[in-house]
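Peer 1: If you count by this note's numbering, then the sequence shown holds residues 15 to 407, one letter each, in order. A virtual CB, placed ideally from N, CA and C, is assigned to each residue, including glycine. All values derive from a computational prediction rather than experimental measurement.
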Amino acid sequence: MRIPFSYVFRNLWTRRLTTALTAGGLALVVFVFTTVLMLDAGLKQTLVTSGELDNVVVIRRGSETEIQSGISRYQANAIETHPAVARTPDGLRMVSKEAVVLISLKKSGAQKPSNVIIRGISPLGMELRPQLQLVQGRRFRPGSAEIMVGSAIAKGFAGVEIGNALRFAQREWIVVGVFDAGGSGFDSEVWGDADQLLQAFRRNAYSSMVLRLAVTGSGGEAAFERFKVDIDNDPRLTNQLKREQTFYSDQSRALSVFITVLGMTLTTIFSIGAMIGAMITMYASVSGRVAEIGTLRALGYRRTSVLLAFVMESLLLGLTGGIAGLAVAMLMQFASFSTTNFQTFAELSFRFTLTPGIVVSSLAFALAMGLIGGFLPALRAANLNIVDSLRAA
């Protein structure tokens, strides 16, 4: 014979203050756990959405970032003429030779400057990133000292309004437009003409190349592999190829590991405290209901029924805390987070992202804390002697 669920619920409702305090502690832990997962998911989504499936990034072999890379003009021209590269309807090769450099800009309301990526692109650079939309002003003119800023730069940094001049590389650059990259990492960049930036920074090599494959869809992977083999076997070239999505996903690795390790460490410490709190609450509940437990046993309820009832009570306590913590964490989706990307040492802005997987993981974590915190008290309740319990009445 099983103890009704309504009995379990009434016991928690009767001790509303204790239940609320214990559930609040569990909610705090779930909130920390969920926001860490949301932060990591937001970081990965921001960088992965920077890449297009059919785009390929070319950098120097052995380099992990565009900042470290270098591609000579000779190598860039050799790669550009490969038959695997797609063409526009006008016959132009869909390639963007790019220069990536770090500059310092002052954040709004801050005294110290932060590193920002300025990316020089070729005329087809924006066409290779269809997620980019011009939201204010216009595009920079090729061959000019004009620049565009990403939406995160426009919101978070001072002096980047359209018409203003930014001074770096011993030149003044006029801001002529603001673009939105759909929440990708490009929102945290400044864009200009590649050749102009190479001249200004006195460089004679590009940082990277982005190109579109001529063969897409089901045959795209085979075309990419053949292209990769050709580049690897060409003695003139010292370059490596990566799918653009894979390349930007790799950029999140170091920061993702840091966020995960720090967050899980805090979560572990807090969860131990929350589980001890739940255990104390359940032990107090058992101590205050000894006669009640004896009556249940005298009425014919077995030890397993009492054990399950107290476990269910603890699980319900954990679920309540989990839902509360998850509800508060959901509000973090309206906030953005800005930090330094450990791979590029540049400012990167991204949002907290809640996914169905994170919801399931958070609720499962809350139930696990409730189960661990309540199992020993439930075991004690189930093992109480009937006679001794009834005497306590």
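1. In chain order, what residues of the same chain lie with their CB nearer than 6 Å to the CB of valine 50, ignoring the 5 residues before and after it?
2. What is the residue span of the beta strand (DSSP E) that isoleucine 161 lies within?
3. When you compare the CB positions of lysine 111 and serine 136, do they come within less than 9 Å of one another, or not?
4. Which residues mark the beginning and the end of the beta strand (DSSP E) in which phenylalanine 193 is found?
5. Nearest by alpha-carbon distance to tryptophan 205: which of Ser20, Arg133, Val192 is it?
6. Name the residue from Leu42, Leu211, Thr230, Asp207 whose alpha carbon lies nearest to the alpha carbon of glycine 336.
7. Is it buried or exposed, leucine 31, if we count other Cβ atoms within 10 angstroms and call 16 or more buried?
8. Can you grab the Cα-Cα spacing for the pair tryptophan 187 / serine 221, in whole Å?
9. Please state whether DSSP places alanine 113 in a helix, a strand or coil.
10. Taking the straight line between their C-alpha atoms, what separation do you get for valine 243 and arginine 257?
11. Which residue comes first and which comes last in the beta strand (DSSP E) that contains lysine 256?
12. Tell me, to the nearest whole angstrom, how far the beta carbon of serine 20 is from that of alanine 166; I am working on the premise that it is less than 8 Å.
13. With contact counted as at least three CB pairs below 8 Å, one residue from each stretch, are the region 323–341 and the region 166–181 in contact?
14. Which first and last residues belong to the alpha helix (DSSP H) in which glycine 206 is found?
15. Where does isoleucine 283 land, buried or exposed, given buried means 16+ other C-beta within 10 angstroms?
16. Just list the beta strand (DSSP E) runs in the region 76–143, keeping only unbroken ones of 3 residues or longer that don't cross its boundaries, in chain order.
17. In whole angstroms, give me the CA-to-CA distance for valine 70 and arginine 267.
18. Tell me which residues share the same chain as methionine 162 and place their Cβ nearer than 8 Å to its Cβ, disregarding the 5 neighbours each side in the sequence.
19. Below 9 Å between beta carbons: does that hold for valine 271 and glycine 139?
20. Run through DSSP, which three-state label would aspartate 210 get?
21. Report the residue from Leu35, Leu26, Thr28 whose alpha carbon sits nearest the alpha carbon of glycine 291.
22. Rounded to a whole number of angstroms, what is the C-alpha to C-alpha distance between phenylalanine 324 and alanine 37?
23. Whole angstroms are fine: how far does the CA of asparagine 247 sit from the CA of alanine 195?
24. Per DSSP, leucine 148 forms a beta bridge with which residues?
25. With DSSP as the reference, label asparagine 25 as helix, strand or coil.
26. Strictly by DSSP, which residues pair up with isoleucine 337?
27. Give the range of the alpha helix (DSSP H) segment to which isoleucine 386 is assigned.
28. Taking the CB atoms as reference points, tell me whether methionine 100 and alanine 236 lie closer together than 9 Å.
29. In the DSSP assignment, what residue or residues form a beta bridge with arginine 365?
30. Can you check which of these residues, Ser202, Gln254, Leu251, is closest to isoleucine 131 by C-alpha distance?
31. Helix, strand or coil for isoleucine 294? Go by DSSP, reduced to three states.
32. Excluding the 5 residues preceding and the 5 following valine 115 in the sequence, name in chain order all residues of the same chain whose CB lies nearer than 6 Å to its CB.
33. Report all residues from its chain with a CB closer than 7 Å to the CB of threonine 48; omit the five preceding and five following residues, and keep chain order.
34. Report the CB separation of valine 46 from threonine 369 in whole angstroms; it is logged as a contact under 8 Å.
35. Using the three-state DSSP reduction, which class does serine 222 fall into: helix, strand or coil?
36. Could you compute how far the alpha carbon of arginine 24 sits from the alpha carbon of isoleucine 286?
Peer 2: Once the coordinates are examined:
1. Start at 1 with the first residue of the sequence shown, and residue 50 comes out as number 36. Answer for valine 50: Gly277, listed in chain order.
2. Here residue 161 corresponds to residue number 147 of the sequence shown, with the count starting at 1. First-last of the beta strand (DSSP E) with isoleucine 161: 160–164.
3. In the sequence shown, residue 111 corresponds to position 97, counting from 1. In the sequence shown, residue 136 corresponds to position 122, counting from 1. It is a contact, given that the beta carbons lie within the stated cut-off.
4. For the purposes of this step, residue 193 is identified with residue 179 of the sequence shown, where counting begins at 1. Note, phenylalanine 193: beta strand (DSSP E), 185–194.
5. Counting from 1 along the sequence shown, the entry for residue 205 is found at position 191. The residue with the shortest Cα to Cα distance from tryptophan 205 is Arg133.
6. Within the sequence shown, numbered from 1, the residue matching residue 336 stands at position 322. Glycine 336 has its Cα closest to that of Leu42, out of Leu42, Leu211, Thr230, Asp207.
7. Translated into positions along the sequence shown, residue 31 becomes position 17. Exposed, by the Cβ-count rule.
8. If you number the sequence shown from 1, residue 187 lands on position 173. If you number the sequence shown from 1, residue 221 lands on position 207. Those two C-alpha atoms are separated by around 20 Å.
9. Stepping through the sequence shown from its first residue, residue 113 is reached at position 99. Alanine 113 falls in the strand class under three-state DSSP.
10. The count along the sequence shown starts at 1 and reaches residue 243 at position 229. The count along the sequence shown starts at 1 and reaches residue 257 at position 243. Their Cα atoms are separated by approximately 14 Å.
11. Residue numbering aside, residue 256 sits at position 242 when the sequence shown is read from its first letter. 253–257 is the extent of the beta strand (DSSP E) around lysine 256.
12. Locating residue 20 in the sequence shown gives position 6, where the first residue counts as 1. Locating residue 166 in the sequence shown gives position 152, where the first residue counts as 1. Not confirmed; about 52 Å, so no contact.
13. no
14. Reading the sequence shown from its first residue, position 192 is the one you call residue 206. No alpha helix (DSSP H) holds glycine 206; the beta strand (DSSP E) holding it covers 203–207.
15. Sequence index remark: in the sequence shown, residue 283 carries index 269 (1-based). By the neighbour-count rule (16 or more Cβ atoms within 10 Å), isoleucine 283 is not buried but exposed.
16. If only uninterrupted beta strand (DSSP E) runs of at least 3 residues are considered, those enclosed by the region 76–143 are 109–120, 127–135.
17. The count along the sequence shown starts at 1 and reaches residue 70 at position 56. The count along the sequence shown starts at 1 and reaches residue 267 at position 253. Straight-line Cα distance between these residues: approximately 19 Å.
18. The count along the sequence shown starts at 1 and reaches residue 162 at position 148. Once the five neighbours on either side are set aside, the close Cβ partners of methionine 162 are Leu148, Gly151, Arg153, Phe154, Val189, Val190, Gly191, Val192, Phe193, Val204, Trp205, Gly206.
19. For the purposes of this step, residue 271 is taken as residue 257 along the sequence shown, with counting starting at 1. For the purposes of this step, residue 139 is taken as residue 125 along the sequence shown, with counting starting at 1. Result no, Cβ atoms of valine 271 and glycine 139 do not sit closer than 9 Å.
20. The residue labelled residue 210 in the question sits at position 196 within the sequence shown. A quick correction: the sequence has glutamine, not aspartate, at residue 210. Helix at glutamine 210.
21. Within the sequence shown, numbered from 1, the residue matching residue 291 stands at position 277. The shortest Cα separation from glycine 291 among Leu35, Leu26, Thr28 belongs to Leu35.
22. Residue 324 sits at position 310 when you count from the first residue of the sequence shown. Residue 37 sits at position 23 when you count from the first residue of the sequence shown. Looking at the two C-alpha atoms, the distance is approximately 16 Å.
23. As a position in the sequence shown, residue 195 is number 181, starting the count at 1. As a position in the sequence shown, residue 247 is number 233, starting the count at 1. Taking the straight line joining both Cα atoms gives about 35 Å.
24. By 1-based counting over the sequence shown, the position of residue 148 is 134. Looking at the DSSP assignment, leucine 148 forms a beta bridge with Phe193.
25. Translated into the one-based positions of the sequence shown, residue 25 becomes position 11. Note: asparagine 25 maps to helix in three-state DSSP.
26. Counting from one through the sequence shown, the residue named residue 337 turns up at place 323. DSSP lists no partner for isoleucine 337.
27. Walking along the sequence shown from the start, residue 386 turns up at place 372. Per DSSP, isoleucine 386 belongs to the alpha helix (DSSP H) from 370–396.
28. As a working note, residue 100 is residue 86 in the sequence shown. As a working note, residue 236 is residue 222 in the sequence shown. Note on residue identity: the sequence assigns alanine, not methionine, to residue 100. Pairing alanine 100 with alanine 236 gives a Cβ-Cβ distance that is not under 9 Å.
29. As a first step, residue 365 is located in the sequence shown; it is residue number 351 there, counting from the start. Answer is Ser350.
30. As a position in the sequence shown, residue 131 is number 117, starting the count at 1. Minimum Cα distance to isoleucine 131 is reached at Ser202.
31. Reading the sequence shown from its first residue, position 280 is the one you call residue 294. Note: isoleucine 294 maps to helix in three-state DSSP.
32. Mapped onto the sequence shown, residue 115 falls at position 101. Contacts found: Ile132, Phe215.
33. As a position in the sequence shown, residue 48 is number 34, starting the count at 1. Within the same chain, Cβ atoms closer than 7 Å to the Cβ of threonine 48 are found at Gly339, Leu340, Ala343, Ile372, Ser376, the five residues on either side in sequence being excluded.
34. Counting from one through the sequence shown, the residue named residue 46 turns up at place 32. Counting from one through the sequence shown, the residue named residue 369 turns up at place 355. Their Cβ separation, rounded to whole angstroms, is 17 Å, which puts valine 46 and threonine 369 out of contact at 8 Å.
35. Against the sequence shown, residue 222 aligns to sequence position 208. Reduced to three states, the DSSP call for serine 222 is strand.
36. Stepping through the sequence shown from its first residue, residue 24 is reached at position 10. Stepping through the sequence shown from its first residue, residue 286 is reached at position 272. Rounded to the nearest angstrom, the two C-alpha atoms are 27 Å apart.
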